[in-house]
Amino acid sequence: MRSELRFLPLFALAALNDAVDVLGLVAQPYETIFDIILATAISLAVGLDVVSFLIAVADLIPGLDMMPIWTLYVLYRFLEYKERAAEAKREGVRPRRVRVPVE
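Counted the way this note's numbering counts, the sequence shown spans residues 3 to 105.
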């Protein structure tokens, strides 16, 4: 549960960034700077990978930034994290006993 809370500020930042992109509340240069800062923060928080780089590039393209790209990416990473945690829990429920004969 505690490690799941690290996604909460990422969701908030991603939703804020997507809202700024869709509503056009900030001038383009400031929006681009905010996009770069957000891309760096999310990539460092959830891990660097090719997908986050491609999303950062797509978010900088005018017109494509109208979609909630970052919110969907953070949701994807959160669901991926939950799936891995459930998988690890299932594997941990059935411990295997190894008996080694001692001579």
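The beta carbon of each residue, even a glycine, is placed where N, CA and C say it ideally should be.
- Taking 9 Å as the cut-off, the beta carbon of Ser54 is found closer than this to the beta carbon of Tyr75.
- Our two residues, Asp61 and Arg8, have alpha carbons roughly 23 Å apart in a direct line.
- The three-state secondary structure of Arg79, taken from DSSP, is helix.
- Given a length threshold of 4 residues, each whole run of the alpha helix (DSSP H) inside the region 7-62 is given here in chain order: 9-25, 30-48 and 52-62.
- Lys91 has its alpha-carbon roughly 41 Å from the corresponding atom of Glu33.
- Taking the CA atoms as reference points, Gly65 sits about 26 Å from Phe80.
- Taking the CA atoms as reference points, Ala41 sits about 16 Å from Gln30.
- Ala58 and Gly94 have their C-alpha atoms spaced approximately 36 Å apart.
- In the assembly as shown, Leu12 is a buried residue. Its beta-carbon has 16 or more other beta-carbons within 10 Å.
- Under the 10 Å beta carbon count, Val48 is surrounded by 16 or more other beta carbons and is classified as buried.
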